[in-house]
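Enquirer:
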Amino acid sequence: MSQILKDYQNLKSNDSTNLSGLSGKEAKPDRYPAPFKDHASAEFLSMSGEEEKAYYDQTALTAHAIDLQRSAKHRSSWRYRFEALPIVALFKSMFTAMYHASMVLINNPMAPVTDTTNWLYAVVAYTLIYVTLFIVNCGLVAMQLLGVPKIISYFSRTWGSAMYDKQRKTVDSARKVLSGNPEDYLLPLKVRSHPDMATYAASYRRHLEFNVDVAKTILLMSSIVYERNTTFVQKAADYPDSARLYLLKSEEFMYRLGVEWGCQFISVADFQNVSGPFAGAFYNLDNEGNPFMVVVFKGTSPEALTEWITDATFDQEMCIDALAFLVLGMGFAHSGFYSSLFPSANSGAKMWPYMRIIETVKMVAQRAYDNQINDTGPKRKLNLFVGGHSLGAGMASLFYARLLESPGDLGENIVLRDAYCFGTPRACGAKLASRVEYNLRKPENLGRTLWRVANRSSSRWIGDVVTRVPPGLADRRENRANLKEGSLLSYAAIGVPIDLTPNRIAPFYTVGDVPSGYQVKVVKALREPEHELEDAKREESGFFPPHPIAFMDKIMSTAIPMLHDHFPGSYFAALRKVGAQVFDKSDSPSSDGKTPSSPQRALGHESSRANKMSPETHIFNLGAGNATSANLTAG
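Dropping the structure here:
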């Protein structure tokens, strides 16, 4: 059990505000960043294993608490509270859009004539979006008056944990990949260790593996961060002397589930407000394989209109900071996502959330490295995965893009692996999207992928509505040369698209554009029970499912299908059906009429890269932009 969770359980019994049990000495709010001990110092070297573990846990939590304390004055100001009101945020966003439009007219009075398409598009799109947001705001107010949030909260507390219950099996299956040897997944590392590097690299089949178990695990982790108790987070900002205790209380559910899943959880950074997006991390350093860490970003809360405004706004920002160095390489990014990670100098932010995340990741990686100090073999590096849902997926995409642009940020003890983003809004302009694709195709990044997963369960043609905003035409590379950089039409989505279609024909997913010369393999290490697919089909049939949450799900999928497809539970159900189908096909009779054996697939093993594929695999091979699928049987 995490030391930080033990500390909380000890403190919770007496409501003590004395936090000396966490670190031995209360950190002062003005100490920024949190003090780090020199790893060569006698004090650090004399620590016992438990003392070292407690040091790392409390240091990261102290850093997060200090960030909250430093912004407490700003958060408690009347201006901040006023601007946080949904209706005020809506009008502020609308006036910002009008301001940008007026600046365009001032700099180019002939814009309506010389750039007619973009101008008309902006007028129509902005009008539709803000009218829709205003109607949604009125609906949220009406729901508040009718007590609907309390009803939803009751359902969530009573039955909503079903998505997280008994998921240790899923996490354990994903652990084989999360803690796998990077040399089994990343071509440069594998080629470097091969005796005949040139021949091996030339014959290497470039596969991008979408692992259903890893996707489900990262989705669970991205979803559980919604359960943070924001009341205690606000108290952590308001009462600096008890900040760490209140942070522990706010995240008790995550710590408990982390223990159940065989991981540890730690909160890393807050961004815009206490109820808004923030970053947390699940990690495990005690694997037989490599230690791993999954950084996840909290997304859009259904009742938080200010976050929906952030998703839907069109504002773009140059990817450059106040010190005039390139943050993401080039081009424009979605202002809301970009400024959350890299706030400008005049934003009033007291810290750079991106750097706080990097500090925490490097701290855990150093701990993993120090744990191997007595090992005689080569030191195992920390595998870093990234994930997020909704608004959090937008930030996760830009975070991953920065790591691709500046791999030196992570240091030598960390290996960047894949990113799994669910319900991702368009996060950047055409030029930045091309830059991310360029970085992913560098030789040193072969095998790394940013997966952009979209759900098309209830709404057949549109699917998850958040993946369609802001509207843009730059998703496809061939369109980008014809779009003016910075225009509203130049928004692009980044990553390899995986569309989940559980209500269509098998295999219940499609793969979008994949780089030339690559194949996408959809794989699954965990064999589901034989009735998994039948259970998924049975839950979809009948208008009155027995479970209350299933009943609400059926109503919402019928009434608001485009919004229903955005919910994490809908994504999880779709992934489960995809996973069941992968193995359902593998159990079909072979050409000799016999049912083939289906051994547990060891992902990352040499055989997974060879021409002979395991039966539990679907492959999408994209040639000239068209996807063809084949369900391979053992040869």
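Counting in full-length UniProt numbering, the sequence shown runs from 1 upward without gaps. Yeah, the Cβ is synthetic: ideal placement off N, Cα and C, and Gly gets one too.
V453 and G423 - do their beta-carbons sit closer together than 9 Å?
Expert: yes
Enquirer: For the region 339-411, which segments carrying the beta strand (DSSP E) assignment without a break, of at least 3 residues, lie completely within its bounds, in sequence order?
Expert: 382-389
Enquirer: Specify, as a first and last residue, the run of the alpha helix (DSSP H) that L145 falls within.
Expert: T116 to L146
Enquirer: Using the beta-carbon count (16 or more within 10 Å), is W78 buried or exposed?
Expert: exposed
Enquirer: By alpha-carbon positions, which one of G377, L384, G336 and S344 ends up nearest to K362?
Expert: L384
Enquirer: Considering Cα atoms alone, identify which of S250, A365, S222 and F292 is closest to G299.
Expert: S222
Enquirer: Would you report the Cα separation of Y121 and I357, rounded to the nearest angstrom?
Expert: Annotation: Y121 to I357 spans about 37 Å, alpha carbon to alpha carbon.
Enquirer: What do you reckon, are the CB atoms on G495 and S397 nearer than 9 Å?
Expert: It is a contact, given that the beta carbons lie within the stated cut-off.
Enquirer: Would the region 447-462 count as touching the region 236-245 if we require 3 or more Cβ pairs under 8 Å?
Expert: no
Enquirer: Count the other C-beta atoms from every protein chain shown that fall within 10 angstroms of the C-beta of L128, then say buried if there are 16 or more, exposed otherwise.
Expert: exposed
Enquirer: For the beta strand (DSSP E) containing H207, list its first residue and its last residue.
Expert: H207 to N211
Enquirer: For G388 versus F297, is the C-beta spacing smaller than 9 Å?
Expert: Less than 9 Å separates the beta-carbon of G388 from that of F297.
Enquirer: Under the assumption that A368 contacts L285 (Cβ atoms under 8 Å), give the Cβ distance between them as a whole number of angstroms.
Expert: 5 Å
Enquirer: Name the DSSP beta bridge partners of N503, please?
Expert: DSSP, once it has assigned bridges, lists no residue as partnering N503.
Enquirer: In terms of residue numbering, what span does the beta strand (DSSP E) encompassing R452 cover?
Expert: L450 to N455
Enquirer: Report the residue from A215, C138 and F332 whose alpha carbon sits nearest the alpha carbon of K577.
Expert: A215
Enquirer: Do F337 and W352 have their beta-carbon atoms positioned less than 9 Å apart in this structure?
Expert: no
Enquirer: Thinking just about the alpha-carbon of each residue, which of G512, R460 and T114 is nearest to the one in K484?
Expert: It is T114.
Enquirer: Under the three-state reduction of DSSP, which class applies to Y491: helix, strand or coil?
Expert: In the structure shown, Y491 sits in a strand (DSSP, three-state: E or B).
Enquirer: With which residues is P470 paired in a DSSP beta bridge?
Expert: Per DSSP, none; premise fails for P470.
Enquirer: Here's a check: name, in chain order, each residue in its chain whose Cβ is nearer than 8 Å to the Cβ of F332, leaving out the five neighbours to either side.
Expert: Counting only Cβ-Cβ distances below 8 Å, and skipping sequence neighbours, we find Q316, E317, M318, C319, C428, G429, K431, L432, E485, G486 and S490.
Enquirer: Which residue or residues does DSSP assign as beta-bridge partners of F278?
Expert: Answer is D270.
Enquirer: Measuring only the C-alpha atoms, how far is I498 from Y226?
Expert: 24 Å
Enquirer: Go ahead and pull the three-state DSSP assignment for R228.
Expert: coil
Enquirer: Does the Cβ of E251 have 16 or more other Cβ atoms within 10 Å, making it buried, or fewer, making it exposed?
Expert: buried
Enquirer: Hey, how far is the Cα of S557 from the Cα of M110?
Expert: 46 Å
Enquirer: Just grab the DSSP bridge partners of C421 for me.
Expert: Paired residues: G388 and R452.
Enquirer: Could you check the C-alpha separation between S46 and Q372 for me, to the nearest Å?
Expert: 16 Å
Enquirer: Would you grab the beta carbon distance between M562 and V465 for me? Rounded to a whole angstrom, and I think it's under 8 Å.
Expert: 4 Å
Enquirer: Which whole-angstrom value describes the C-beta separation of G180 and G258, a residue pair presumed to lie in contact below a C-beta threshold of 8 Å?
Expert: That belief does not hold up - the Cβ atoms of G180 and G258 are roughly 20 Å apart, past 8 Å.
Enquirer: Just grab the DSSP bridge partners of Q316 for me.
Expert: H334
Enquirer: Considering only DSSP beta bridges, list what Y283 is partnered with.
Expert: Q264 and M293
Enquirer: From this set, Q366, V386 and Q144, which residue's C-alpha is nearest R380's C-alpha?
Expert: Q366
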